[in-house]
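Participant: I am attaching a structure below and will ask some questions about it afterwards.
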Amino acid sequence: TISMAVIDRMGHIAVGTSTNGATYKIPGRVGDGPIVGSSAYADDEVGGCGATGDGDTMMRFLPCYQVVESMRQGMKPEEAAKDAISRIARKFPDFVGAVVAVDKNGSHAGACYGWTFQYSVQNPDMNDVQVFTVLP
Amino acid sequence: MARSDVLIFVSTLLLFLSLLTVADAELVKSDKFPVVVSTWPFLEAVRAAWRAVDNGSSAVEAVVEGCSACEELRCDGTVGPGGSPDENGETMIDALVMDGVTMEVGAVAAMRYVKDGIRAAHLVMKYSQHTLLAGEGASAFAISMGLPGPMNLSSPESVKKWSDWKENQCQPNFRKNVVPANDCGPYKPNNSAMNVFVDKSTESCEMGAIEYKPPLVGPHNHD
């Protein structure tokens, strides 16, 4: 799965997700990919979020909606990302997943559980894409 | 109004307008933006989104370009056609795009026969009042709006993966509390396991009867 957030020159935010889902899934199964607030969410006034992992579990918690709403309440991206992941892990200790958060100023952070997660960033300070590694 | 008052008014107005112009220029030329953030080290996808947004595309357009690049590259086998076969060996596509300004969303789920997931989601956003289209309805809409299809979304790799899985008695899989537990279907409910939930009045429930399977999710099999 790819989940992506972009802030354009005007400061406007959009997010998107694309995936072919889980291998060997039962036909008809839909994961978190097309679910608003689960795989991705954005609000221009706050920021955006992308998620990846065990979609069957993650879509029950709308982690990206949670991230954006936590940032709206004043949390930094790192704190909001960790909080959203911990809410899932408390209920599903075997869960595997990650979120990446970006606020409206372009500050970003990731959080993960059950695996080491990497996310990619490019902004005007970078000549090329930079990859950030997040430990569970 | 005295001439001096008019001059003061005009001067104040010009000063205000010049401040507005500076503020606007700072927004457009902000050294903070644009920004592209993506899950995983999908470098080409981020570069595609960056090229778009750095050349003046909107955030939505850049997201579509970035995710579309990943679909074409079949990033990790988890994006685009030719990956993640289901129990029938078929690849289906899920995708979503959201505009954080208008809160408009377009999404497709379990879309068959069309490889361009994020573009299909964008078409749902642009040309319908709906949020999410699923299954063959999503495919028909995407094709009617100009995307190529119908086409087979399998690849030699996905067919091989599915064949190997079938030879391994369809293990692992996402079924639970069914029989047969360790073979391919057709499946039926495992009534002895389900009784644990149905008969809540008994105190002889054996939790061990509930089948547990470790998660199948990993770096090359995830949403």
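Sequence order for the protein chains is A and B.
This note's numbering numbers the first residue of the first sequence as -17 and each following residue consecutively.
This note's numbering numbers the first residue of the second sequence as 27 and each following residue consecutively.
Even for Gly, the Cβ is constructed at its ideal location relative to N, Cα and C.
Shorter than 8 Å from the beta carbon of S(-15) of chain A to some beta carbon of chain B?
Facilitator: Answer yes: the Cβ-Cβ gap between S(-15) of chain A and chain B drops below 8 Å somewhere.
Participant: Out of curiosity, what's the CA-to-CA distance linking H248 of chain B and F74 of chain A?
Facilitator: Whole-angstrom Cα-Cα distance: 16 Å.
Participant: Quick one: using the 10 Å Cβ neighbour count with 16 as the cut-off for buried, is D209 of chain B buried or exposed?
Facilitator: Exposed is the call here.
Participant: Thinking C-beta only, is A66 of chain A closer than 8 Å to S52 of chain A?
Facilitator: Yes, these two residues count as a Cβ contact at 8 Å.
Participant: Under three-state DSSP, which class holds F68 of chain B?
Facilitator: If DSSP states are grouped into helix, strand and coil, F68 of chain B belongs with coil.
Participant: Cβ of S21 of chain A less than 8 Å from any chain B Cβ?
Facilitator: By this cut-off, S21 of chain A is an interface position.
Participant: What residue range is occupied by the uninterrupted alpha helix (DSSP H) comprising D190 of chain B?
Facilitator: Run containing D190 of chain B: 182 to 193, per the alpha helix (DSSP H) assignment.
Participant: Starting from F114 of chain A, follow the beta strand (DSSP E) in both directions and report where the run begins and ends.
Facilitator: F114 of chain A -> beta strand (DSSP E) spans 112 to 116.
Participant: Just to confirm my understanding: we take V48 of chain B, look at its own chain, exclude 5 residues before and 5 after, and list those with CB closer than 8 Å. What are they?
Facilitator: Low confidence applies here, because V48 of chain B scores a pLDDT of 39, under 50, leaving its location unreliable and the question unanswered by this model.
Participant: Are any of the Cβ atoms in chain A nearer than 8 Å to that of S189 of chain B?
Facilitator: No, because no Cβ of chain A sits closer than 8 Å to the Cβ of S189 of chain B.
Participant: Does any residue of chain A have a CB that is nearer than 8 Å to the CB of N203 of chain B?
Facilitator: It does not; no Cβ of chain A falls within 8 Å.
Participant: Count the CB pairs spanning the segment 97 to 109 of chain B and the segment 179 to 196 of chain B that are closer than 8 Å, and state whether there are at least three.
Facilitator: Touching, yes.
Participant: So within the segment 96 to 134 of chain B, which uninterrupted beta strand (DSSP E) runs reach at least 3 residues, ignoring any that extend past its ends?
Facilitator: Taking only runs of at least 3 residues, the beta strand (DSSP E) segments lying wholly in the segment 96 to 134 of chain B are 119 to 125.
Participant: Per the DSSP calculation, Q100 of chain A is bridged to which residue(s)?
Facilitator: The partner list for Q100 of chain A (beta bridge, DSSP) reads A:T115.
Participant: Compare the C-alpha of G172 of chain B against each of B:N178, B:A164, B:L69 and name the closest.
Facilitator: Looking at the Cα atoms, B:A164 is the closest of the given residues.
Participant: Among the candidates A:L44, A:T(-17), A:G56, whose CA atom is the shortest distance from the CA of D86 of chain A?
Facilitator: Strictly speaking, residue 86 of chain A in this sequence is Lys, with Asp absent from that position. When each option's Cα is compared against that of K86 of chain A, the closest is A:G56.
Participant: Is N199 of chain B buried or exposed, if buried means 16 or more other CB atoms sit within 10 Å of its CB?
Facilitator: By the neighbour-count rule (16 or more Cβ atoms within 10 Å), N199 of chain B is buried.
Participant: Give me the DSSP bridge partner(s) of N109 of chain A.
Facilitator: According to DSSP, which records beta bridges pairwise, N109 of chain A is partnered with nothing at all.
Participant: I'd like to know if Y101 of chain A contacts chain B, where contact means its C-beta is closer than 8 Å to some C-beta of that chain.
Facilitator: Y101 of chain A counts as touching chain B.
Participant: K226 of chain B to V78 of chain A, Cα distance in whole Å?
Facilitator: Low confidence applies here, because K226 of chain B scores a pLDDT of 44, under 50, leaving its location unreliable; read the following figure in that light. Cα to Cα, K226 of chain B sits roughly 31 Å from V78 of chain A.
Participant: Could you tell me which chain A residues have their CB closer than 7 Å to the CB of A136 of chain B, listed as they occur along the chain?
Facilitator: In chain order: G10, V12.
Participant: When the distance is taken between beta carbons, is T(-1) of chain A closer than 8 Å to I(-11) of chain A?
Facilitator: No.
Participant: G15 of chain A and T5 of chain A: beta carbons closer than 8 Å?
Facilitator: No.
Participant: If we cut at 8 Å on Cβ distances, does N109 of chain A have a partner in chain B?
Facilitator: Cβ-Cβ to chain B under 8 Å: no for N109 of chain A.
Participant: Can you find a CB in chain A that lies within less than 8 Å of the CB of H156 of chain B?
Facilitator: Not an interface residue.
Participant: Between the C-alpha atoms of S154 of chain B and A207 of chain B, what's the straight-line distance to the nearest angstrom?
Facilitator: So the alpha carbons of these two residues sit roughly 43 Å apart.
Participant: Sorted by chain position, which residues of the same chain lie with C-beta nearer than 8 Å to A121 of chain B's C-beta, five sequence neighbours on each side aside?
Facilitator: Same-chain partners within the cutoff: C93, A133, V134, M137, G143, I144, A146, A147.
Participant: Rank B:T128, B:P107, B:D57, B:V63 by C-alpha distance to the C-alpha of A(-13) of chain A and give the top, closest one.
Facilitator: Here the closest residue by C-alpha is B:V63.
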